[in-house]
Ligand code: 13P
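Residue numbers (the numbering used here): 28 to 283.
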């Protein structure tokens, strides 16, 4: 397996558009966004558009190779009779460098299991895509005091097939399920506790390689709370849904 080396500068500002923005809207968004965001060497910007908008996004960013583009999901098989799915090699060939794996909506709306996230992470790395493995607890799990146990379980399963050196090339996003799309953000202190626990687990799995992995926070991040979250110890970036859909608003967040 090849490791997808990423030379990302932190903080990372990643936009997950979910099932929003077709090719036409994506082009219009990027015209506005690029007019407001010059290249900055001290941060990384990343877009995860719907797969059908990937080509339009890539095309709009041809003058800005510093901005990275990924897909929101892949199948773990490289090819075959899996109607409706996209594989890691197909995403790579279409110009993606990154892929979200195990996003909360994949896990809890589409029933994706820990084992499947592990296979997807392995498939991404094998194809030379950088996976961003998403982890996070549901509200009832938090209330039962299981946050850390859930995150550790998801990390172990998601990274199970990788060597330590390969783990150095992945990204992690901590997204508490109760904070996604709800307007209810984890406080910087709450986020920090889980980020520190995540770092501890990554280091225990992969030693020094685990120390290099950027850990992003996601869940109702917006222009008002982004600075405080990025200042929280252990937070290396943000993965943003709703607030990444408005070009001016997203430009403000990326400038923060
Ligand atoms: P919101 O920013 O809309 O809460 O979504 C977070 C998310 O799921 C990003 O992947």
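Even glycine gets a Cβ: it sits at the ideal position worked out from N, Cα and C.
Any heavy atom of the ligand 13P closer than 7 angstroms to the CB of residue i?
i: residue 213; result: no
i: residue 270; result: yes
i: residue 39; result: no
i: residue 202; result: yes
i: residue 207; result: yes
i: residue 267; result: yes
Mind reading off the beta-carbon distance from residue i to residue j? Whole number of angstroms is fine, and I expect it under 8 angstroms.
i: residue 71; j: residue 35; result: 4 angstroms
i: residue 126; j: residue 144; result: Residue 126 to residue 144, Cβ: 11 angstroms. No contact.
i: residue 274; j: residue 218; result: Not a contact, Cβ separation roughly 26 angstroms.
Quick check on the DSSP output: the alpha helix (DSSP H) that includes residue i runs from which residue to which?
i: residue 186; result: 174-186
i: residue 279; result: 274-282
i: residue 145; result: 141-154
i: residue 60; result: 50-63
i: residue 39; result: Taken as a continuous stretch (DSSP letters only), residue 39 belongs to no alpha helix (DSSP H), being part of the beta strand (DSSP E) at 39-43.
i: residue 225; result: 215-233
Please report the residue range of the beta strand (DSSP E) in which residue i lies.
i: residue 125; result: 125-128
i: residue 88; result: No beta strand (DSSP E) contains residue 88, which DSSP labels as neither H nor E.
Per DSSP, what are the beta-bridge partners of residue i in this structure?
i: residue 14; result: Shown here, the chain extends from 28 to 283; a query on residue 14 therefore has no answer.
i: residue 75; result: 43
i: residue 94; result: None, per the DSSP bridge assignment.
Within 8 angstroms, do at least three Cβ pairs link the segment 46-64 to the segment 245-260? no
Inter-stretch contact (C-beta, 8 angstroms, three-pair minimum) for the segment 145-163 and the segment 108-127: By the Cβ rule, the segment 145-163 counts as touching the segment 108-127, because three or more pairs are nearer than 8 angstroms.
At least 3 beta-carbon pairs within less than 8 angstroms: the segment 157-175 vs the segment 196-209: yes
Taking 8 angstroms as the threshold, find out whether the segment 264-278 comes into contact with the segment 59-77 through three or more Cβ pairs. The segment 264-278 is in contact with the segment 59-77.
Report yes or no: do three or more beta-carbon pairs, one from the segment 175-191 and one from the segment 213-233, lie closer than 8 angstroms? yes
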